[in-house]
Amino acid sequence: MAEDDRDRVYAVIGLGRFGIHLAMALADRGFSVVAIDNDPVALDAVKGKVAQALLIDAEEESFVIRAPLDDVDVAIVSLKQFEVAILAVLYLKQVGVPYIIARAETAIHAHALTKVGADQIVNVEEESGQRLAHNLTSPHILDVIRLSNIVTLAEVVAHSNIVNKQLKELDLRNQYGISIVAIRRIQLKMDEEGLPVQGEELLLPGPNDTVEVGDILIVVGTNSAVDKLQGED
Numbered sequence: 001m002a003e004d005d006r007d008r009v010y011a012v013i014g015l016g017r018f019g020i021h022l023a024m025a026l027a028d029r030g031f032s033v034v035a036i037d038n039d040p041v042a043l044d045a046v047k048g049k050v051a052q053a054l055l056i057d058a059e060e061e062s063f064v065i066r067a068p069l070d071d072v073d074v075a076i077v078s079l080k081q082f083e084v085a086i087l088a089v090l091y092l093k094q095v096g097v098p099y100i101i102a103r104a105e106t107a108i109h110a111h112a113l114t115k116v117g118a119d120q121i122v123n124v125e126e127e128s129g130q131r132l133a134h135n136l137t138s139p140h141i142l143d144v145i146r147l148s149n150i151v152t153l154a155e156v157v158a159h160s161n162i163v164n165k166q167l168k169e170l171d172l173r174n175q176y177g178i179s180i181v182a183i184r185r186i187q188l189k190m191d192e193e194g195l196p197v198q199g200e201e202l203l204l205p206g207p208n209d210t211v212e213v214g215d216i217l218i219v220v221g222t223n224s225a226v227d228k229l230q231g232e233d
């Protein structure tokens, strides 16, 4: 596993709509991507944009030998055929890929893929590929939804450099070009028996409100503004 997140190598196995969007989104963020599919037309869609585009059938066990998986940190299995996806996850597990993500169309498929070694399950919509790329590569970004080709809604963990500061002092609109529309705040409350329980409060903040440790900021901004924000530590 790469010590630096930015050095991670991703393998995307299966280039349907989801796989293509995911591979290109990861490559656009500067990561090394190995794209694998048995369809040359699908591979043409990502050639020149990913580090390697390989014509290999994941249904054959030899694919883990032919594919350069030794340096892969995360493999995403995005195959339409459920039986082939099961085999691919098994093969990847056998060769020791550290983290395996698989797409599933049903809860039963998700359960089976988890049983054979998938560490994470995702859905199959086109937008999910973009969101998964953000979630994989941006530790401060919990979720991303593209509202349009220009505007993004994102959930962002409050960085240490903005904690204990008022929103008017941070002036995020001018600094980043984003607006905070809400804050999710974890709070300890007492239940009926007087025992502490963890609860969550959704705040609609004003300029005098202060960001606290553990706050999750729900922000809206241009795609480039959110991308800039995700790179801040």
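Counting with the UniProt record's numbering, you get residues 1 to 233 for the letters of the sequence shown.
Think of the CB as a built atom: it goes at the ideal place given N, C-alpha and C, for glycine as much as any other residue.
* Excluding sequence positions up to five away, which residues of its chain have a Cβ less than 7 Å from the Cβ of ILE86? -> As a first step, residue 86 is located in the sequence shown; it is residue number 86 there, counting from the start. Setting aside the 5 residues that flank it on each side, ILE86 is surrounded in the same chain by ALA112, LEU113 and VAL116, each with a C-beta closer than 7 Å to its C-beta; the list follows chain order.
* Asked: For the 8 Å Cβ check, are there 3 or more pairs between the segment 156-167 and the segment 211-227?
  -> Yes: at least three Cβ pairs fall under 8 Å.
* Separation of SER32 from VAL50, as counted between CA atoms -> In the sequence shown, counting from the first residue as 1, residue 50 sits at position 50. In the sequence shown, counting from the first residue as 1, residue 32 sits at position 32. If I take the Cα positions, the gap works out to 7 Å.
* Asked: Tell me which same chain residues have a C-beta within less than 7 Å of the C-beta of ALA104, skipping the five on either side of it?
  -> One-based indexing of the sequence shown puts residue 104 at position 104. Cβ neighbours of ALA104 beyond the five flanking positions: ALA110, LEU113 and ILE121.
* **Pairwise C-alpha distance: ARG29 and ILE180** => On the sequence shown, residue 180 is found 180 positions in, with the first residue counted as 1. On the sequence shown, residue 29 is found 29 positions in, with the first residue counted as 1. Distance between the alpha carbons of ILE180 and ARG29: 24 Å.
* Asked: At which residues does the alpha helix (DSSP H) containing GLY19 begin and terminate?
  -> Position 19 of the sequence shown, counted from the start, is the residue given in the question as residue 19. Residues 17-28.
* Quick one: which unbroken alpha helix (DSSP H) runs of 4-plus residues sit fully inside the UniProt domain "RCK N-terminal" (7-122)? Chain order, please. => Within the UniProt domain "RCK N-terminal" (7-122), the runs of alpha helix (DSSP H) that reach at least 4 residues and sit entirely inside it are, in chain order, 17-28, 40-44, 63-66, 82-94 and 107-115.
* Nearest-angstrom Cα separation, counted from TYR91 out to ALA45 -> Position 45 of the sequence shown holds residue 45. Position 91 of the sequence shown holds residue 91. If I take the Cα positions, the gap works out to 26 Å.
* **Cβ-based burial, LEU55 [other Cβ within 10 Å; buried from 16]** => What you label residue 55 is simply residue 55 of the sequence shown in a count that begins at 1. Exposed, since its Cβ has fewer than 16 Cβ neighbours within 10 Å.
* To do: Note down the Cα distance separating GLY19 from ASP119, rounded to an integer number of angstroms.
  => Reading the sequence shown from its first residue, position 19 is the one you call residue 19. Reading the sequence shown from its first residue, position 119 is the one you call residue 119. Using only the alpha carbons, I get a separation of about 18 Å.
* Tell me, please, which residues DSSP counts as bridged to TYR221. => In the sequence shown, the residue the question calls residue 221 occupies position 221. Here residue 221 is Gly; the residue named in the question, Tyr, does not match the sequence. Its beta-bridge partners are THR152 and ILE178.
* Do you know whose CA, among LEU153, VAL157, PRO205 and THR222, lies nearest GLN175's CA? -> Residue numbering aside, residue 175 sits at position 175 when the sequence shown is read from its first letter. Taking GLN175 as reference, the option from LEU153, VAL157, PRO205 and THR222 with the minimal CA-CA separation is THR222.
* Asked: Is DSSP giving LEU204 helix, strand or coil here?
  -> Mapped onto the sequence shown, residue 204 falls at position 204. It is coil, neither helix nor strand.
* **For GLU125, the three-state DSSP class (helix, strand or coil)** => The count along the sequence shown starts at 1 and reaches residue 125 at position 125. The pLDDT assigned to GLU125 is 47, lower than 50, so where the model puts this residue is not dependable; a value taken from the coordinates is nonetheless given after this. GLU125: coil per DSSP, three-state reduction.
* Name the one or two DSSP bridge partners that ILE216 has. => Counting from one through the sequence shown, the residue named residue 216 turns up at place 216. Beta-bridge analysis with DSSP links ILE216 to VAL157 and ARG184.
* **Residue span of the alpha helix (DSSP H) that contains LYS165, given as start and end** => Here residue 165 corresponds to residue number 165 of the sequence shown, with the count starting at 1. First-last for LYS165: undefined, no H or E at that position.
* Asked: If we call anything under 8 Å between Cβ atoms a contact, is ALA23 one with VAL72?
  -> Reading the sequence shown from its first residue, position 23 is the one you call residue 23. Reading the sequence shown from its first residue, position 72 is the one you call residue 72. No; because the gap between Cβ atoms is not below 8 Å, this pair is not in contact.
* Exposed or buried, SER78, counting other C-beta atoms within 10 Å across all chains shown (16 or more means buried)? -> Along the sequence shown, read from residue 1 onward, the residue named residue 78 stands at position 78. Counting the other CB atoms within 10 Å of its CB gives SER78 a total of 16 or more, which places it among the buried residues.
* Which same chain residues, not among the five before or five after PHE82, have their C-beta less than 6 Å away from its C-beta? -> In the sequence shown, residue 82 corresponds to position 82, counting from 1. Excluding residues within five positions, the ones whose Cβ falls inside 6 Å are HIS109.
* Asked: Is ALA75 closer than 8 Å to GLY14 when the C-beta atoms are compared?
  -> Numbered from its first residue, the sequence shown carries residue 14 at position 14. Numbered from its first residue, the sequence shown carries residue 75 at position 75. Judged by beta-carbon spacing, ALA75 lies beyond the 8 Å limit of GLY14, meaning their Cβ atoms are not closer than that value.
* To do: Compute the distance between the beta-carbons of PRO205 and ILE183, then report whether it is under 8 Å.
  => As a first step, residue 205 must be located in the sequence shown, where it is residue number 205. As a first step, residue 183 must be located in the sequence shown, where it is residue number 183. Yes. Within cutoff.
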